[in-house]
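Input: a single structure, listed below in structure tokens.
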Amino acid sequence: MTVLLGSLVNRIPMKKKRVPFSIKKRNLFFRNISIAKRLQYANVYNLIITVLIILISICSIFFMHTRLMQFNKDSYFMVTNSMCAKEAASQIQQYIYKSLLTEKEAMQKKYVEEAEKEYQVMVHHLQLIYTSSDSIKSITKESKKTLEQELEKAVRYREKILKAADRNDMENVLKIYKNDYAPILTTITKTLDDVILQADKYAALYMDTSEMQMGITIILFLLLSTGGVVSGIYLCKKTTKSIIEPLKEIEQAMIQVSKGNLEVIIQHRSKDELGVLCSSVRKMVQNLKQYIEDITTTLKKIEEKDIAFSPKYHYVGSFVPIQTSLERICCFIAQMLNQINDSSSQIASASNELSNVSFDIVEGANEQTRSVNKLFGHVDKICNEVMQTKERSANLSDRFSDTVYVVQRGRENMGQLKDCVKKLDEKSKEIHSIIIIIEEITRQTKLVALNASIEAARAGIHGKEFNVVASEIQKLALNCAKAANDTKRLLCENLNIVTECVEVTNRTEDDLEQIKEVCGETDVFVNAITKACISQNAYVDRMRKHLDRISDISNSNQSAAEESYAVSRDFSQQTHNLQSIVESFVKR
Numbered sequence: 161m162t163v164l165l166g167s168l169v170n171r172i173p174m175k176k177k178r179v180p181f182s183i184k185k186r187n188l189f190f191r192n193i194s195i196a197k198r199l200q201y202a203n204v205y206n207l208i209i210t211v212l213i214i215l216i217s218i219c220s221i222f223f224m225h226t227r228l229m230q231f232n233k234d235s236y237f238m239v240t241n242s243m244c245a246k247e248a249a250s251q252i253q254q255y256i257y258k259s260l261l262t263e264k265e266a267m268q269k270k271y272v273e274e275a276e277k278e279y280q281v282m283v284h285h286l287q288l289i290y291t292s293s294d295s296i297k298s299i300t301k302e303s304k305k306t307l308e309q310e311l312e313k314a315v316r317y318r319e320k321i322l323k324a325a326d327r328n329d330m331e332n333v334l335k336i337y338k339n340d341y342a343p344i345l346t347t348i349t350k351t352l353d354d355v356i357l358q359a360d361k362y363a364a365l366y367m368d369t370s371e372m373q374m375g376i377t378i379i380l381f382l383l384l385s386t387g388g389v390v391s392g393i394y395l396c397k398k399t400t401k402s403i404i405e406p407l408k409e410i411e412q413a414m415i416q417v418s419k420g421n422l423e424v425i426i427q428h429r430s431k432d433e434l435g436v437l438c439s440s441v442r443k444m445v446q447n448l449k450q451y452i453e454d455i456t457t458t459l460k461k462i463e464e465k466d467i468a469f470s471p472k473y474h475y476v477g478s479f480v481p482i483q484t485s486l487e488r489i490c491c492f493i494a495q496m497l498n499q500i501n502d503s504s505s506q507i508a509s510a511s512n513e514l515s516n517v518s519f520d521i522v523e524g525a526n527e528q529t530r531s532v533n534k535l536f537g538h539v540d541k542i543c544n545e546v547m548q549t550k551e552r553s554a555n556l557s558d559r560f561s562d563t564v565y566v567v568q569r570g571r572e573n574m575g576q577l578k579d580c581v582k583k584l585d586e587k588s589k590e591i592h593s594i595i596i597i598i599e600e601i602t603r604q605t606k607l608v609a610l611n612a613s614i615e616a617a618r619a620g621i622h623g624k625e626f627n628v629v630a631s632e633i634q635k636l637a638l639n640c641a642k643a644a645n646d647t648k649r650l651l652c653e654n655l656n657i658v659t660e661c662v663e664v665t666n667r668t669e670d671d672l673e674q675i676k677e678v679c680g681e682t683d684v685f686v687n688a689i690t691k692a693c694i695s696q697n698a699y700v701d702r703m704r705k706h707l708d709r710i711s712d713i714s715n716s717n718q719s720a721a722e723e724s725y726a727v728s729r730d731f732s733q734q735t736h737n738l739q740s741i742v743e744s745f746v747k748r
């Protein structure tokens with residue numbers, strides 16, 4: 161913000177506000193150092209803030225790890241071992257009760273062994289508890305001493321229980337357990353409950369302390385992060401403004417220069433790269449104004465027909481060729497005017513000769529135009545004949561296409577007829593098989609009638625009427641057989657006719673195929689003729705285009721010749737005018 165105020169104060173040429181000397185000195189120092197150092201200072205500052213945040217994060221993580229390890233070694237350690245020791249004491253009591261309740265010696269020994277295993281577990285956890293470091297605050301010294309004393313008593317009575325169990329003296333085991341061993345286990349359990357309660361209280365106090373310390377750490381982390389971010393943003397803005405503002409001023413000045421406005425003012429002044437750049441731009445604009453003024457003056461003198469004038473400023477750098485070019489232009493114009501004066505007299509004499517030649521060219525162009533028009537008439541006749549040939553060949557090609565279509569349709573109809581004949585043949589064969597069945601039925605009917613006649617003869621008078629029926633059935637069978645034979649004969653004739661139809665159809669289909677091939681070949685020839693006509697038509701079109709171009713060129717030549725003749729007549733007059741204009745310049 162101070163840098164922005166300082167830059168604004170430097171730019172305003174009117175009333176300036178007083179700025180404290182220390183702030184002004186700091187702003188001048190910041191503006192006068194190089195851009196690379198500004199960016200380097202900003203990056204180093206951001207790096208320091210980032211490293212501090214990382215170190216605080218690492219310290220917070222290490223602190224949390226230490227607190228967790230301490231919690232694990234203190235409260236968690238005590239509660240875990242106390243719970244395990246209580247569980248082992250409970251299991252010891254259960255196994256001893258089970259050994260007292262059972263009458264089997266093997267089971268009694270087994271329960272005693274299980275109790276011994278649980279005893280070893282209890283002893284292990286109790287030793288871990290009362291031999292723990294004095295820095296652990298979850299257990300008091302009195303609790304440690306009580307557990308150690310009770311464990312020593314339990315060792316003595318345990319040995320007595322084991323000896324009594326080896327003798328199978330369960331009454332003595334029960335007596336020792338009730339009077340001596342059970343109170344010891346009860347005291348140990350009660351002491352472990354006190355240890356667990358003390359560990360819970362210490363754990364709650366420990367967690368409260370840890371949460372408070374963690375809250376303080378988070379607040380410090382947030383304060384440092386916020387301060388680092390805010391200061392980093394401030395430093396970045398300050399650095400950005402010190403770079404962007406001069407660049408914007410230079411940008412606006414260059415935009416005005418690109419539009420042709422050299423009346424620009426750049427206020428920024430400093431000793432850094434941007435200050436040097438602004439100073440160079442100011443010097444460049446000033447030199448451009450001087451050079452453009454000098455060039456404008458020189459051109460005005462030339463406009464006033466004074467070629468004895470030369471540039472008055474001394475150009476530097478890449479502008480030296482401009483000064484040299486201006487001087488050479490003035491000398492060249494003077495020399496050119498002298499040469500024009502000398503050449504104008506020669507051009508005047510040549511213009512008369514040009515006028516005579518232009519008249520001859522006009523006559524030749526008229527004759528060329530008449531010849532081209534006659535050639536146009538012959539080419540049009542050729543083009544019309546080629547177009548008629550093309551149309552006739554196209555019509556013939558269409559006719560052949562129709563013929564091929566009709567032949568193809570005839571082939572399809574013959575194919576359908578062939579299929580119908582095949583179906584008729586199949587149906588005739590089916591009828592023939594049915595007639596064979598009818599013949600078989602007729603034969604069977606004859607046998608039945610014969611058997612009926614024999615049976616009627618055996619019956620005598622009673623079978624007389626039945627004999628008449630059998631005779632009628634036999635006559636009917638004979639008529640059926642005759643009709644079947646006649647139908648079979650007719651079917652055979654139909655089959656022969658169908659076979660002949662199939663052969664005729666096949667021959668007709670082959671003939672149609674040959675007709676189609678001949679039509680296709682003829683169509684190819686017609687298409688070739690059509691293509692040749694199209695090619696000839698294209699050649700004729702190109703010939704017409706070339707003739708059009710020749711006609712246009714001929715007309716252009718005729719017009720150009722007439723214009724050249726007219727121009728040559730005016731050229732002599734313009735030459736005299738040119739000589740009078742050249743003589744009006746002020747020469748060196």
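Residue numbers (the numbering used here): 161 to 748.
Glycine is no exception: its CB is placed at the ideal position from the N, C-alpha and C atoms.
Counting only runs of 3 or more residues that sit fully inside the stretch 620-673, no beta strand (DSSP E) segment turns up. For H284, the enclosing alpha helix (DSSP H) stretches over residues 265-290. Judged by their CB atoms, K320 and I299 are not nearer to each other than the 7 Å cut-off. DSSP places K431 in the coil class of the three-state scheme, outside both helix and strand.
Put simply, the stretch 267-285 does not touch the stretch 373-390. Fewer than three CB pairs are less than 8 Å apart.
When K648, A245, I633 are compared, the shortest CA-CA separation from E278 is found for A245. Rounded to whole angstroms, the separation of the alpha carbons of L636 and L655 is 28 Å. With at least 16 other beta carbons inside 10 angstroms of its own, A359 counts as buried. The C-alpha of R327 lies about 14 Å from the C-alpha of K264. G420 sits in coil when the DSSP states are folded into three classes, being neither helix nor strand. Taking C-beta atoms under 8 Å as the contact rule, V700 and I542 qualify, at a distance of about 6 Å.
For the pair K443 and L422, the CB atoms are not nearer than the 7 Å cut-off. S242 and P343 have their C-alpha atoms roughly 18 Å apart.
Residue A643 holds the alpha-carbon nearest to the alpha-carbon of I595 among D562, A643, Q604, T549. Contact between the stretch 362-373 and the stretch 247-254 is absent: fewer than 3 CB-CB pairs across the two stretches fall below 8 Å. When DSSP states are grouped into helix, strand and coil, E464 belongs to the coil group. In this structure S430 is buried. Its beta-carbon is surrounded by 16 or more other beta-carbon atoms within 10 angstroms. D670 is the residue among I489, T602, D670 whose C-alpha sits nearest the C-alpha of E572. In the three-state DSSP reduction, N328 falls in the coil class, being neither helix nor strand.
Per DSSP, the continuous alpha helix (DSSP H) segment holding K246 begins and ends at 237-261. For V476, the three-state secondary structure derived from DSSP is coil.
When the alpha-carbon of M414 is set against those of I452, V445, S391, the nearest one is in V445. Contact holds between the stretch 431-439 and the stretch 391-411, because three or more Cβ pairs, one in each stretch, are under 8 Å apart. Assignment of T300 by DSSP, reduced to helix, strand and coil, places it in the coil class. Between E653 and the set I713, S588, A692, I689, the nearest pair of CA atoms involves S588.
The DSSP-derived three-state label of I426 is coil. Counting every other CB atom within 10 Å of its CB across the protein chains shown gives A266 a total below 16, marking it as exposed. Nearest C-alpha to T377 among A612, R603, I213, N544: I213.
A Cβ-Cβ separation of about 14 Å leaves L288 out of contact with I348 under the 8 Å criterion. Sequence-distant Cβ neighbours of V564 in its own chain, meaning closer than 8 Å and more than five residues away, are K676, C679, G680, D683. V211 counts as exposed, since fewer than 16 other C-beta atoms from the protein chains shown sit within 10 angstroms of its C-beta.
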